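Read through the structure below, which is laid out as structure tokens, and then see the notes.
Number of protein chains: 2
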Amino acid sequence: MRGEFDFINSLKSKLKPDSSLTGIGDDAAVINQNSELQTVVSQDLLIEDIDFRRAWLPLNRLGRALGHKALAVSLSDIAAMGATPRYCLTSIGLPETVWRTAFIDEFYDSLLALARQHNTQLIGGDTSRSPDRIVIDCTVIGEIKRGRAVLRSTAKVGDLVFVSGELGDAATGLELLENGKRLSTGRTANPSLLTMDALIKRQLTPTPRVELGCHLAQHNLATSMIDISDGLAADLHHLCNASNTGALIDESRLPIAHAIHQLKTTRPPADLALYGGEDYELLFTVAPADKHKIPAHFDDESLTEIGIITEASEGITIKTGERSRPLKAKGFVHF
Amino acid sequence: MRGEFDFINSLKSKLKPDSSLTGIGDDAAVINQNSELQTVVSQDLLIEDIDFRRAWLPLNRLGRALGHKALAVSLSDIAAMGATPRYCLTSIGLPETVWRTAFIDEFYDSLLALARQHNTQLIGGDTSRSPDRIVIDCTVIGEIKRGRAVLRSTAKVGDLVFVSGELGDAATGLELLENGKRLSTGRTANPSLLTMDALIKRQLTPTPRVELGCHLAQHNLATSMIDISDGLAADLHHLCNASNTGALIDESRLPIAHAIHQLKTTRPPADLALYGGEDYELLFTVAPADKHKIPAHFDDESLTEIGIITEASEGITIKTGERSRPLKAKGFVHF
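Sequences listed follow chains A and B, in order.
Okay, so the first sequence: first residue is 4 according to the working numbering, each after it adds one.
Okay, so the second sequence: first residue is 4 according to the working numbering, each after it adds one.
This is the structure:
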């Protein structure tokens with residue numbers, strides 16, 4: 004099977020973007036809007052049994068979770084460009100059995116709640132029946148001052164690599180769900196159950212780092228940026244490949260989610276952080292001269308320096324103590 | 004099962020659009036872009052076994068047909084606002100068995116060919132695996148001079164009702180496909196097979212009336228407009244309900260596709276034209292004073308006056324000779 008990325012690369016070669024357009028193959032496309040602003044657009048597809056399973060939650064709560072997640076993943080793309088989200092459109096295909104439930108109301112209530120939080124208006128979309136699986140496609144349209152969009156292709160050798168928040172919790176939440184664990188009823192005080200709930204929630208309802216992305220772009224602090232959807236390792240590869248650079252990551256600095264250490268996961272915690280995916284944190288690079296302008300925390304989330312951009316010839320490597328090894332591009336693989 | 008339209012109406016009541024926004028619930032949403040232009044956005048979902056069947060065509064030709072149709076139906080929405088399409092994004096979910104074929108290349112080649120024809124650039128989207136069915140969601144972004152977008156809600160009593168092209172052929176093509184008929188190999192001279200081919204092609208690869216929509220908007224000729232996706236009857240109901248009017252249609256004036264008369268269809272030709280759906284022609288209203296400005300043909304397609312907008316209290320009716328009856332809102336029902 005030809006991979007999605009191979010295909011996108013082959014497709015890019017067929018496109019002849021004009022000068023009004025940047026960002027094809029980036030987190031979002033950037034279009035000139037007027038002399039001061041650019042429009043940024045991203046679109047993301049969620050398909051049942053690829054991106055989520057119906058068995059994870061009762062239908063109404065699944066509707067609530069998916070309304071949040073469908074918008075969150077596209078908001079995250081807009082955040083990764085440093086843009087401000089403004090509008091969204093949502094297409095949804097539902098089996099008849101799901102149409103008859105509270106799913107769709109919960110879906111839109113939840114989507115609209117997240118949209119309001121980011122001053123984003125739902126302006127359209129499509130609804131359809133689907134033979135058996137739930138399908139959701141969400142488009143977010145944002146805007147940014149002309150020339151300020153942060154691409155993934157503009158990292159420079161010597162730039163420092165930063166990541167927001169903690170990594171690996173969404174992947175651990177996914178592992179829990181796939182192993183049959185479910186959200187508790189919310190009345191538990193059992194610390195282990197509470198930890199599992201937190202991890203599962205990070206998988207079901209990720210938080211897009213919209214304010215952080217805007218802050219970094221507005222203050223010209225990020226030289227390049229991408230959101231972590233496929234996993235730190237895979238998305239670092241995307242960034243380095245687009246920028247034609249290498250990178251050296253320090254494993255000891257990885258902000259591995261604390262909750263992971265409290266559970267017996269089948270994969271090593273560092274693997275979950277590197278290859279886990281769906282963190283929807285921001286991975287960005289900063290010129291050394293601007294390092295002091297990056298706070299240790301932003302909106303309660305840590306901003307952690309994890310490595311440095313190197314020459315492409317040095318490859319993308321990760322060091323553990325004195326030893327370094329190539330950091331493989333393997334990332335989050337959907338079911 | 005609650006209908007899609009009921010749901011959209013209930014959703015509309017939850018939205019609080021600000022003054023920068025019109026057209027929610029119309030063919031496309033309209034956003035202020037700058038002091039001179041507005042952005043128009045539409046998004047449409049196509050799902051296998053709801054909107055098309057894999058058995059209709061060999062996979063590569065299906066890819067070609069769907070690449071065209073996915074873009075065409077969204078372009079048709081943009082056309083129905085009178086806007087000029089500029090950009091598109093396409094999300095596509097494919098089963099692994101389809102990824103391995105020429106489907107995806109054919110899909111994008113065909114989509115890009117139609118996009119080029121309308122000076123529209125593909126700027127993004129998403130690709131994903133799907134468990135078993137093909138899913139496509141296409142967004143088109145267009146633009147129009149501020150205040151010129153033609154809504155479906157602005158028809159006035161006394162306006163004349165026009166429709167472009169011929170009606171019912173796409174629905175007849177669908178009926179042929181559902182009855183097991185397929186496109187011929189193209190080497191036939193049999194008139195009956197050629198007629199069936201033409202009807203099937205109208206179902207598979209509809210032509211969005213982009214230039215006509217722009218023309219009507221630029222010259223301020225259409226007082227309201229909608230594209231015919233659900234069928235003339237259903238879409239006339241949408242237009243009249245949005246405009247708070249009734250309408251009187253003259254059945255003898257309906258531009259029923261000639262090809263239908265050449266076949267023995269299971270439904271009466273007028274029914275296929277009224278309730279068939281997927282014609283992607285434009286239904287628009289014209290002030291009586293502007294009637295002389297509407298040519299008999301535009302781009303080789305006929306423009307036919309089929310009725311008049313009436314008071315809402317008179318309902319939506321159709322007359323056959325001296326008798327008139329209510330025109331039911333029943334429209335194209337997907338499989």
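Cβ coordinates follow ideal geometry from the N, Cα and C atoms, glycine included.
None of the values given here were measured: they were computed from a predicted structure.
Task: Environment of Gln-41/B [buried if 16+ CB atoms lie within 10 Å] - done: Sequence index remark: in the second sequence, residue 41/B carries index 38 (1-based). Gln-41/B is buried by the Cβ-count criterion.
Task: Residue closest to Met-199/A, alpha-carbon to alpha-carbon, out of Leu-207/A, Leu-179/A and Pro-209/A - done: As a working note, residue 199/A is residue 196 in the first sequence. When only C-alpha atoms are compared, the closest one is Leu-179/A.
Open item on the list: Between the alpha carbons of Ala-192/B and Leu-186/B, how many angstroms are there, rounded?
Closed with: As a first step, residue 192/B must be located in the second sequence, where it is residue number 189. As a first step, residue 186/B must be located in the second sequence, where it is residue number 183. CA-CA distance, Ala-192/B to Leu-186/B, rounds to 13 Å.
TODO: Go to Ser-79/A, then tell me how far its alpha helix (DSSP H) extends in each direction, as first and last residue.
DONE: Looking up residue 79/A in the first sequence gives position 76. Per DSSP, the continuous alpha helix (DSSP H) segment holding Ser-79/A begins and ends at 62 to 83.
Open item on the list: So, does the stretch 64 to 71 of chain B touch the stretch 119 to 133 of chain B, judging by three or more C-beta pairs under 8 Å?
Closed with: Verdict: no, contact absent.
Task: Three-state secondary structure assigned by DSSP to Leu-159/A - done: For the purposes of this step, residue 159/A is taken as the residue at position 156 of the first sequence. The residue asked about is misnamed: residue 159/A is Lys in this sequence, not Leu. The three-state secondary structure of Lys-159/A, taken from DSSP, is coil.
TODO: Give me the Cα-Cα distance between Leu-235/B and Thr-157/B, rounded to the nearest whole angstrom.
DONE: Counted from its first residue, the second sequence places residue 235/B at position 232. Counted from its first residue, the second sequence places residue 157/B at position 154. Distance between the alpha carbons of Leu-235/B and Thr-157/B: 18 Å.
Task: Cutoff 9 Å: Thr-130/A Cβ touching any chain B Cβ - done: As a working note, residue 130/A is residue 127 in the first sequence. Interface flag for Thr-130/A against chain B is set, since a Cβ pair is found closer than 9 Å.
TODO: Could you pull out every residue in the same chain whose Cβ sits closer than 6 Å to the Cβ of Leu-251/A, ignoring the five residues on either side in sequence?
DONE: One-based indexing of the first sequence puts residue 251/A at position 248. Scanning its chain for C-beta atoms nearer than 6 Å, with the 5 sequence neighbours on each side dropped, one finds around Leu-251/A the residues Gly-310, Ile-311, Thr-313 and Thr-320, in chain order.
Open item on the list: Could you tell me which whole beta strand (DSSP E) segments of length 3 or greater appear in the stretch 111 to 179 of chain B?
Closed with: You should have 124 to 132, 138 to 148 and 163 to 167.
- [ ] Spell out a yes or no on whether the stretch 78 to 86 of chain A and the stretch 39 to 59 of chain A are touching, meaning 3 or more CB-CB pairs, one atom from each, closer than 8 Å.
- [x] Three or more beta-carbon pairs separated by less than 8 Å link the stretch 78 to 86 of chain A to the stretch 39 to 59 of chain A, which places the two stretches in contact.
Open item on the list: I need the DSSP call for Tyr-283/A, collapsed to helix, strand or coil.
Closed with: Against the first sequence, residue 283/A aligns to sequence position 280. If DSSP states are grouped into helix, strand and coil, Tyr-283/A belongs with coil.
Open item on the list: Less than 9 Å between the beta carbons of Ile-95/A and Asp-135/A, yes or no?
Closed with: For the purposes of this step, residue 95/A is taken as residue 92 along the first sequence, with counting starting at 1. For the purposes of this step, residue 135/A is taken as residue 132 along the first sequence, with counting starting at 1. Their beta carbons are not under 9 Å apart, which means Ile-95/A does not touch Asp-135/A by this criterion.
Open item on the list: Quick check on Pro-271/A: buried or exposed, where buried means 16 or more other Cβ atoms within 10 Å of its Cβ?
Closed with: Locating residue 271/A in the first sequence gives position 268, where the first residue counts as 1. Burial call: exposed.
TODO: Just grab the DSSP bridge partners of His-353/A for me.
DONE: Within the shown structure, residues of chain A are numbered from 4 to 338, placing residue 353/A beyond reach of any answer.
Task: Bridge-paired residues (DSSP) for Pro-88/B - done: Taking the second sequence and counting its residues from 1, one reaches residue 88/B at position 85. Paired residue(s): Gly-145/B.
Open item on the list: Strictly by DSSP, which residues pair up with Thr-320/B?
Closed with: Working through the second sequence from its first residue, we reach residue 320/B at position 317. Residue pairing by DSSP places Thr-320/B opposite Leu-251/B and Pro-329/B in a beta bridge.
- [ ] Within its chain, find whatever has a CB closer than 7 Å to the CB of Ala-245/B; leave out the 5 residues flanking it on each side and keep chain order.
- [x] In the second sequence, counting from the first residue as 1, residue 245/B sits at position 242. The residues are Arg-155 and Ser-156.
Task: 8 Å CB neighbourhood of Lys-294/A in its chain, flanking five on each side removed - done: Within the first sequence, the letter at position 291 stands for residue 294/A. Cβ within range, chain order: Leu-163 and Glu-308.
TODO: Would you mind telling me which residues of chain A sit closer than 7 Å to Gln-46/B, beta carbon to beta carbon, in chain order?
DONE: Residue numbering aside, residue 46/B sits at position 43 when the second sequence is read from its first letter. Within chain A, the residues near Gln-46/B are Leu-92, Ser-94, Gly-127, Gly-128, Asp-129 and Thr-142.
TODO: List the residues of chain B that Arg-151/A touches, going by C-beta distances under 9 Å, in chain order.
DONE: To locate residue 151/A, count along the first sequence from 1; it is residue 148. Here the premise fails: no neighbours, minimum Cβ distance about 18 Å.
Open item on the list: Measuring only the C-alpha atoms, how far is Ala-152/B from Ala-58/B?
Closed with: One-based indexing of the second sequence puts residue 152/B at position 149. One-based indexing of the second sequence puts residue 58/B at position 55. Taking C-alpha positions only, Ala-152/B is separated from Ala-58/B by approximately 39 Å.
Task: Proximal residues to Ser-113/A (C-beta, below 6 Å), its chain only, five neighbours per side dropped - done: Walking along the first sequence from the start, residue 113/A turns up at place 110. If we look at Ser-113/A and ignore the five residues flanking it on each side, its Cβ neighbours are Arg-67, Gly-70 and His-71.
Task: Chain-order list of residues whose beta-carbon lies under 8 Å from that of Pro-98/A (same chain, five-residue window excluded) - done: In the first sequence, residue 98/A corresponds to position 95, counting from 1. Arg-132, Ser-133, Pro-134, Asp-135, Arg-136 and Ile-137.
TODO: Would you list the one or two residues that DSSP bridges to Asp-230/B?
DONE: The residue labelled residue 230/B in the question sits at position 227 within the second sequence. Answer is Leu-285/B.
- [ ] Name the two residues that bound the continuous beta strand (DSSP E) containing Ala-32/A.
- [x] Here residue 32/A refers to the residue found at position 29 when the first sequence is read from its first residue. DSSP places Ala-32/A inside the beta strand (DSSP E), whose first and last residues are 32 to 35.
Open item on the list: Is the separation between the beta-carbon of Ala-273/A and that of Ala-260/A shorter than 9 Å?
Closed with: As a working note, residue 273/A is residue 270 in the first sequence. As a working note, residue 260/A is residue 257 in the first sequence. With respect to Ala-260/A, Ala-273/A sits apart: the two C-beta atoms are not nearer than 9 Å.
- [ ] Could you name the residues of chain A that Leu-305/B contacts, counting a contact when the two beta carbons are closer than 8 Å?
- [x] Here the question's residue 305/B lines up with position 302 in the second sequence. Checking the displayed sequence, the identity of residue 305/B turns out to be Ser instead of Leu. Neighbourhood of Ser-305/B in chain A, by CB distance below 8 Å: empty, with the nearest CB roughly 29 Å away.
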